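> Anchor point for the sequence shown: position 10 equals 915 in the numbering used here, and the numbering is continuous, going up by one each time.
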Amino acid sequence: MSKAQNPDAALRRFERRLARVGVELVDLSTGELSCTSCCKGWWFNLRPGGRLYRGFWKCPQGCNDGQSYSR
Ligand SMILES: [Zn+2]
Numbered sequence: 906m907s908k909a910q911n912p913d914a915a916l917r918r919f920e921r922r923l924a925r926v927g928v929e930l931v932d933l934s935t936g937e938l939s940c941t942s943c944c945k946g947w948w949f950n951l952r953p954g955g956r957l958y959r960g961f962w963k964c965p966q967g968c969n970d971g972q973s974y975s976r
């Protein structure tokens with residue numbers, strides 16, 4: 906097996922990390938996320954250079970405040 910990561914696998918890992926903190930990726934192209942507890946949706950914006958900002962995964966209603974997102 907090659908260590909090269911294909912985009913699909915990277916996306917699945919991203920989705921799994923989000924799932925652990927109660928978040929569902931709705932649409933990667935628009936950056937839409939949704940909370941699995943309250944179904945509230947929000948959008949994360951990538952910083953210049955494509956970096957995710959701290960806490961991008963947090964539900965605006967605070968449902969997953971006690972969780973920690975691991976990279
Ligand atoms: Zn929520």
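Cβ atoms here follow ideal geometry from the backbone N, Cα and C, with glycine treated the same way.
Remember, it's a predicted structure, so these values are computed and weren't measured experimentally.
#1: Whole angstroms are fine: how far does the CA of R917 sit from the CA of Q966?
#2: Apart from the five residues on each side of it in sequence, which residues of its chain come closer than 8 Å, Cβ to Cβ, to R925?
#3: Tell me, which residues are paired with D913 by DSSP?
#4: Excluding the five sequence neighbours on either side, which residues of its own chain have a C-beta within less than 6 Å of the C-beta of W948, listed in chain order?
#5: Please report the distance separating the alpha-carbon of R956 from that of N950.
In this structure, then:
#1: Put simply, the backbone Cα of Q966 is about 25 Å away from that of R917.
#2: Sequence-distant Cβ neighbours of R925 in its own chain, meaning closer than 8 Å and more than five residues away, are Q972, Y974, S975.
#3: Paired residues: none, contrary to the question.
#4: Same-chain partners within the cutoff: G936, E937.
#5: Just so you know, the alpha carbons of R956 and N950 end up roughly 9 Å apart.
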